[in-house]
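Working notes, beginning with the structure itself.
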Amino acid sequence: MVQRQLPKPRDIAPLMKFKKFDFNASRRRLSAALTIEDLHKIAKRRTPKAAFDYTDGAAEGEFSLTRAREAFQDIEFNPSILRDVSEVDTSCEIFGGRSALPFGIAPTGFTRLMQTEGEIAGATAAGAAGIPFTLSTLGTTSIEAVQEANPHGRNWFQLYVMKDREISYDLTERAGKAGFDTLFFTVDTPVAGARLRDKRNGFSIPPQLSLGTVLNAIPRPWWWYDFLTTPPLEFASLTSTGGTVGEMLDKAMDPSISFEDLKIIRALFPGKLVVKGVQNVEDAKKLASLGVDGIVLSNHGGRQLDRAPVPFHLLPEVVREVGDDLEVTIDTGIMNGADIVASIALGAKFTLIGRAYLYGLMAGGRAGVDRTIEILADQVERTMLLLEVPNLAELEPKHVTQLERLVPRAR
1 MVQRQLPKPR DIAPLMKFKK FDFNASRRRL SAALTIEDLH KIAKRRTPKA
51 AFDYTDGAAE GEFSLTRARE AFQDIEFNPS ILRDVSEVDT SCEIFGGRSA
101 LPFGIAPTGF TRLMQTEGEI AGATAAGAAG IPFTLSTLGT TSIEAVQEAN
151 PHGRNWFQLY VMKDREISYD LTERAGKAGF DTLFFTVDTP VAGARLRDKR
201 NGFSIPPQLS LGTVLNAIPR PWWWYDFLTT PPLEFASLTS TGGTVGEMLD
251 KAMDPSISFE DLKIIRALFP GKLVVKGVQN VEDAKKLASL GVDGIVLSNH
301 GGRQLDRAPV PFHLLPEVVR EVGDDLEVTI DTGIMNGADI VASIALGAKF
351 TLIGRAYLYG LMAGGRAGVD RTIEILADQV ERTMLLLEVP NLAELEPKHV
401 TQLERLVPRA R
């Protein structure tokens with residue numbers, strides 16, 4: 001029989017300690033976010049639909065993005081046992097420099113539209129965490145302003161080769177002079193992808209008011225206050241900011257881009273040259289033969305060609321073919337530190353986060369970006385601990401099994 005007694009005050013007292021209430025609503029929201037999906041939900045609540053969908057959406061049916069995320073879900077880890085992991089080192093060397101973590105911030109366009117702190121929040125958060133920050137050609141902060149905000153961190157620049165080549169050449173030289181140590185030569189945007197969410201939302205720069213826009217803005221006055229009381233959006237590489245996103249990109253991109261352009265940019269930029277947007281093994285082999293410093297396996301976050309190859313699926317074969325000749329990195333679909341660990345295990349030297357960074361930015365500005373990095377860093381370290389791998393160099397293909405959901409039919 002259970003024996004019962006009247007509880008004594010001294011026994012109850014330790015159980016009655018309440019958590020101290022944090023009166024800072026933003027800090028409260030961010031501390032409650034435990035995953036990137038949690039930040040995604042906060043960002044969706046706090047950001048007007050058109051701006052949020054520009055970040056969250058992809059091209060056409062959004063199959064490329066969906067499949068990229070499913071590829072990371074479809075893995076099985078194979079942990080070791082009885083290995084000393086009392087200390088775990090998450091740092092790595094990439095493109096001639098150090099990163100405290102095996103991921104950096106990917107280039108994103110129109111960033112201040114998502115949240116007014118924009119690229120400055122991303123660059124300063126990256127600098128504080130000891131990871132690289134990448135500025136987009138279509139960024140809303142200048143090369144020089146990013147360098148000023150993150151003077152001791154690693155800044156990278158993503159380049160679109162435009163119809164007016166002189167704009168691209170000037171940007172390349174400015175990035176070099178500002179001390180940006182790596183340039184991403186982007187090859188997957190001869191024209192803009194069909195971003196149907198943007199078209200349905202009537203998304204444009206600056207935002208165009210409609211009855212739907214006004215109704216959607218009512219519960220989000222803070223976003224409009226920030227947008228209307230801070231400097232107007234500007235794009236260093238464009239002379240006009242009118243029209244839809246797709247129309248703007250069509251003006252900026254050039255379908256005649258060629259290997260000759262790559263050669264010219266190589267001559268202009270003093271740092272590491274990395275080709276972003278590689279989507280098959282043969283192109284990776286050709287780039288290796290040309291002596292580029294690295295490639296990014298990427299389908300542009302699913303925002304260009306829908307039903308494009310899944311970068312994570314390409315990774316093992318590309319690494320086998322060119323991994324000894326150049327550094328292979330990967331983006332698209334990364335939402336968890338486990339995705340990053342799996343990529344490193346299969347041969348990637350580094351990974352890039354785009355939407356995950358922007359979800360944090362929209363959820364809470366600079367503090368939200370800090371939270372994104374903190375969440376992913378914790379997940380990376382915990383996954384390595386549970387795999388019993390003390391450093392990134394010891395992650396190997398044997399630690400990951402890629403499960404098959406989409407299997408090609410025999411021809």
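With full-length UniProt numbering applied, the sequence shown closes on residue 411, and no number is skipped along the way.
Just so you know, even glycine gets a beta-carbon here, dropped at the ideal spot from N, CA and C.
**Asked** If we count Cβ pairs, one from each stretch, closer than 8 Å, do we get three or more for the region 172–192 versus the region 259–272?
**Response** yes
**Prompt:** Can the beta-carbon of I131 be found less than 8 Å from the beta-carbon of S99?
**Reply:** yes
**Message:** I'd like the span of the beta strand (DSSP E) that includes residue 455, first residue to last.
**Reply:** Lying before the first or after the last residue shown, residue 455 is absent from the chain, which here runs from 1 to 411.
**Request:** Sort I105, Q304 and G294 by Cα distance to M335 and report the nearest one.
**Result:** I105
**Runs of alpha helix (DSSP H) lying entirely within the region 257–296, each at least 4 residues, in chain order** = 259–268 and 281–290
**Request:** Identify every residue that forms a DSSP beta bridge with F21.
**Result:** Paired residues: none, contrary to the question.
**Item:** Residues bridged to N391 [DSSP beta-bridge criterion]
**Value:** D89
**Asked** Taking C-beta to C-beta, are R197 and R303 nearer than 8 Å?
**Response** no
**Asked** Just the Cα atoms here: how many angstroms apart are S256 and E166?
**Response** 15 Å
**Message:** For the pair the region 106–118 and the region 225–234, tell me if three or more CB-CB distances fall below 8 Å.
**Reply:** yes
**Prompt:** Can you tell me whether R27 is buried or exposed, with buried defined as 16 or more other CB within 10 angstroms of its CB?
**Reply:** exposed
**Request:** Alpha carbon to alpha carbon, how far is S210 from A288? Give it in angstroms, no decimals.
**Result:** 50 Å
**Message:** According to DSSP, simplified to helix, strand and coil, what is S99?
**Reply:** strand
**Message:** Could you compute how far the alpha carbon of V281 sits from the alpha carbon of A345?
**Reply:** 19 Å
**Request:** Check the DSSP bridge columns for T329 and list the partner residues they point to.
**Result:** V296 and F350
**Asked** Between I156 and F184, is the Cβ-Cβ spacing less than 8 Å?
**Response** For the sequence presented, residue 156 should be read as Trp rather than Ile. Going by C-beta atoms, W156 is nearer than 8 Å to F184.
**Message:** When you compare the CB positions of N78 and V278, do they come within less than 8 Å of one another, or not?
**Reply:** no
**Request:** Could you tell me which of T189, S168 and H40 sits nearest to D261, measuring between CA atoms?
**Result:** S168
**Request:** Going by DSSP, name the residue or residues bridged to V400.
**Result:** F77
**Message:** If contacts are defined as beta-carbon pairs under 8 Å, then F133 and E327 qualify, I think. What distance do you get, rounded to the angstrom?
**Reply:** Their Cβ separation, rounded to whole angstroms, is 18 Å, which puts F133 and E327 out of contact at 8 Å.
**Request:** Report the option in T140, A308, T329 and R10 whose CA atom is closest to the CA atom of E117.
**Result:** T140
**Item:** Whole-Å CB distance - Y359 paired with I120, under 8 Å assumed
**Value:** About 18 Å; that fails the 8 Å criterion.
**Message:** In this structure, how does DSSP classify S136 when only helix, strand and coil are distinguished?
**Reply:** strand
**Request:** Enumerate, from N- to C-terminal direction, the unbroken alpha helix (DSSP H) stretches of 4 or more residues contained entirely within the region 154–194.
**Result:** 165–177
**Request:** Note down the Cα distance separating T239 from N299, rounded to an integer number of angstroms.
**Result:** Here T239 scores only 48 on pLDDT, less than 50, and its place in the model is too uncertain to base an answer on.
**Request:** Label M384 either buried or exposed according to how many other C-beta atoms from any shown protein chain fall within 10 Å of its C-beta, with 16 as the threshold for buried.
**Result:** buried
**Prompt:** Under 8 Å, do R355 and D170 count as touching if we go by C-beta distance?
**Reply:** no
**Prompt:** How is I131 classed by DSSP in three states: helix, strand or coil?
**Reply:** coil
**Prompt:** I373 by DSSP, collapsed to three states: which one?
**Reply:** helix
**Item:** Continuous alpha helix (DSSP H) stretch holding D56: start and end
**Value:** K49 to D56
**Item:** Segment limits, alpha helix (DSSP H) that includes P408
**Value:** It is not in any alpha helix (DSSP H) - P408 carries neither H nor E in the DSSP assignment.
**Request:** With distances taken Cα to Cα, identify the nearest neighbour of D394 among T124, E60 and V85.
**Result:** Residue 394 is actually Glu in this sequence, not Asp. Per the Cα distances, V85.
**Message:** With a threshold of 6 Å on Cβ separation, who are the neighbours of G176 within its own chain once the five nearest residues in sequence on each side are excluded?
**Reply:** F269 and P270
**Message:** Cutting at 6 Å between CB atoms, please list the residues of its own chain near V389, excluding the five before and the five after it.
**Reply:** L395
**Asked** Closest by CA to V310, which one among D324, Q73 and I81?
**Response** Q73
**Request:** With a threshold of 16 other CB atoms inside 10 Å of the CB of L82, please say whether the residue is buried or exposed.
**Result:** exposed
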